[in-house]
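Going by our numbering, the sequence shown opens with residue 25, and the numbers climb by one from there.
Cβ coordinates follow ideal geometry from the N, Cα and C atoms, glycine included.
Source: prediction; values computed, not measured.
All remarks here apply to the structure that follows.
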Amino acid sequence: MTAPRPAHTMLPAQANASMARERVNMATKLDLGCGPFGKLEGAVGLDINDAAHVDVVHSLDDYPYPFNDAQFDHVEMSHILEHILQPARAMDEVYRIARPGASIRIVTPHYSSQLSYGDLTHYHHFGYVTITQMCRDGRFRMDECRLIFSDVYRVLGISLLANWFPRRWEKYLAFIFPGMYVEAKLTVVKP
Numbered sequence: 025m026t027a028p029r030p031a032h033t034m035l036p037a038q039a040n041a042s043m044a045r046e047r048v049n050m051a052t053k054l055d056l057g058c059g060p061f062g063k064l065e066g067a068v069g070l071d072i073n074d075a076a077h078v079d080v081v082h083s084l085d086d087y088p089y090p091f092n093d094a095q096f097d098h099v100e101m102s103h104i105l106e107h108i109l110q111p112a113r114a115m116d117e118v119y120r121i122a123r124p125g126a127s128i129r130i131v132t133p134h135y136s137s138q139l140s141y142g143d144l145t146h147y148h149h150f151g152y153v154t155i156t157q158m159c160r161d162g163r164f165r166m167d168e169c170r171l172i173f174s175d176v177y178r179v180l181g182i183s184l185l186a187n188w189f190p191r192r193w194e195k196y197l198a199f200i201f202p203g204m205y206v207e208a209k210l211t212v213v214k215p
């Protein structure tokens with residue numbers, strides 16, 4: 025016969041779950057859609073798929089996200105925004121869970137790239153103009169937005185010209201000299 029366990033003692037699984045919840049609640053970095061290959065160092069990883077490094081299993085199409093208001097100093101969104109059904113609503117949630125002055129990094133395939141249209145799970149296609157539109161309401165300040173090209177276009181100087189004149193490049197040359205990705209660095213603006 026075993027002795028009864030005191031009421032305050034946790035089973036190992038309960039202790040692990042409690043410690044994991046505490047770690048998530050104390051985190052200041054978030055990697056949204058961290059995927060099967062790893063996450064930003066020191067961040068809490070959220071993904072729809074349960075993988076070894078995923079801390080929170082949750083769909084980014086289910087709102088609200090399971091985090092506290094104004095919890096994070098940095099939110100990483102690498103190759104995830106194009107997979108979300110309502111990207112504007114997802115950005116509303118990012119705004120909610122980010123602290124004033126938090127940094128947001130977004131990387132997504134550029135709409136002119138076959139990487140954007142070649143994946144059936146991509147619902148939306150983004151470019152420089154699309155990212156700047158996300159900042160129009162004043163909740164996000166765009167600190168940097170750069171177009172990333174293949175090595176050939178970097179050597180030919182297309183990358184340099186496109187990043188100097190991104191609106192003109194998107195309007196006239198994007199499908200002649202396609203980009204690969206858009207990388208944006210935003211800052212959350214809150215009172």
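Taking 8 Å as the threshold (C-beta atoms), are residue j and residue i in contact?
i, j, result
"Arg129", "Glu100", "yes"
"Pro60", "Asn73", "yes"
"Ser127", "His103", "no"
"Asp118", "Tyr205", "With the sequence shown as reference, residue 118 is identified as Val, and Asp is not the correct amino acid for it. Not a contact, by the Cβ cut-off of 8 Å."
"Phe199", "Ile182", "no"
"Val212", "Pro124", "yes"
"Leu14", "Ala114", "There is no way to answer for residue 14, as the model of the chain reaches only from 25 to 215."
Considering only C-alpha positions, which residue in the set the options is nearest to residue i?
i, options, result
"Val176", "Phe150, Arg165, Trp188, Gly203", "Gly203"
"Gly216", "Ile108, Phe96, Gly66, Phe91", "Outside the shown range of the chain (25 to 215) lies residue 216, about which nothing can therefore be said."
"Pro88", "Arg163, Gly162, Pro124, Gln110", "Gln110"
"Gln157", "Leu70, Cys169, Arg178", "Cys169"
"Asn187", "Val213, Val81, Gly151, Phe164", "Gly151"
"Asp79", "Asp86, Glu46, Thr154", "Glu46"
"Asp86", "Gly162, His77, Asp116", "Asp116"
"Phe164", "Leu180, Lys214, Phe173", "Lys214"
Just reading off the alpha helix (DSSP H) that residue i is part of, what are its end residues?
i, result
"Ile104", "Note, Ile104: premise wrong, no alpha helix (DSSP H); not H, not E."
"Ala114", "111-121"
Measure the beta-carbon distance from residue i to residue j and round it to whole angstroms, keeping in mind my assumption that it falls under 8 Å.
i, j, result
"Asp143", "Lys209", "Incorrect: roughly 24 Å between the Cβ atoms, too far for contact."
Taking the beta carbon of residue i as the centre, do at least 16 other beta carbons fall within 10 Å, making it buried, or is it exposed?
i, result
"Ala37", "Note that Ala37 scores a pLDDT of 44, beneath 50, so its modelled location is shaky and nothing firm can be said."
"Pro133", "buried"
"Gln138", "exposed"
"Phe173", "buried"
"Tyr196", "exposed"
"Ala39", "Because Ala39 carries a pLDDT of 47, less than 50, the predicted location of this residue cannot be relied on, and the following value inherits that uncertainty. By the 10 Å Cβ count, Ala39 comes out exposed."
Along the chain, where does the beta strand (DSSP E) containing residue i start, and where does it finish?
i, result
"Leu1", "This structure gives no information on residue 1, because the portion of the chain shown stretches from 25 to 215."
"Arg165", "164-172"
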